[in-house]
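Last residue of the sequence shown: 180 (this note's numbering), numbering continuous. Single-structure report; data block below.
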Amino acid sequence: MKVGREDIMRMGVGGLLSETTERSQPRNAKTEKRGAVPSTPRAPKIAGIILAAGLSSRMGSNKLLAEIEGMPLLRKTVDAAMASDLEPVIIVIGHDAKNVQNALAGIDVIFAHNAQYSEGLSTSLRTGIAAVP
């Protein structure tokens, strides 16, 4: 028997086996072991990495510590990251590390120190990724 493209199209969106209202669960649901409590789907955890190790050489002063509306720019950035349910939030520090940490005092973040911060942004990115649990 030859089955062509139009034959397949006439079979419908559900494929060869259509779902019925009598079926307790859809066919594509994961099967659980008998007697097991069905698992609840969990949202994936997504880490946030904020690069705050740079020299700010073009600006002259640490731009992340510049105040906007009475708050350091870095603090506003971290607050936004925390509000978005990123977990964990990792702050890569290097240049001016103590002042960066002080600007974020009391916030539940992970600090990852990049000893090679003067070698460029890629070293901070590697440091941040390595700090993801």
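We put the beta carbon where it would ideally sit given N, CA and C, even for glycine.
Going by beta-carbon coordinates alone, are residue 232 and residue 99 separated by less than 8 Å? No information on residue 232 is available, as it lies outside the stretch 48 to 180 that the chain covers here.
In angstroms, rounded to a whole number, what distance separates the CA positions of residue 123 and residue 146? Looking at the two C-alpha atoms, the distance is approximately 15 Å.
Beta carbon of residue 120 nearer than 8 Å to that of residue 111: Residue 111 sits close to residue 120, with the two beta carbons spaced by under 8 Å.
Is it true that the CB of residue 157 sits closer than 8 Å to the CB of residue 125? No. Outside cutoff.
Three-state secondary structure assigned by DSSP to residue 179: In the three-state reduction of the DSSP assignment, residue 179 falls in the coil class.
Give me the Cβ distance between residue 171 and residue 139, rounded to the nearest whole Å; I'm assuming they're in contact under 8 Å. For residue 171 against residue 139, the beta-carbon gap comes to about 5 Å, under 8 Å, which counts as contact.
For the beta strand (DSSP E) that contains residue 136, what are its first and last residues? From DSSP, the beta strand (DSSP E) with residue 136 extends over 136-140.
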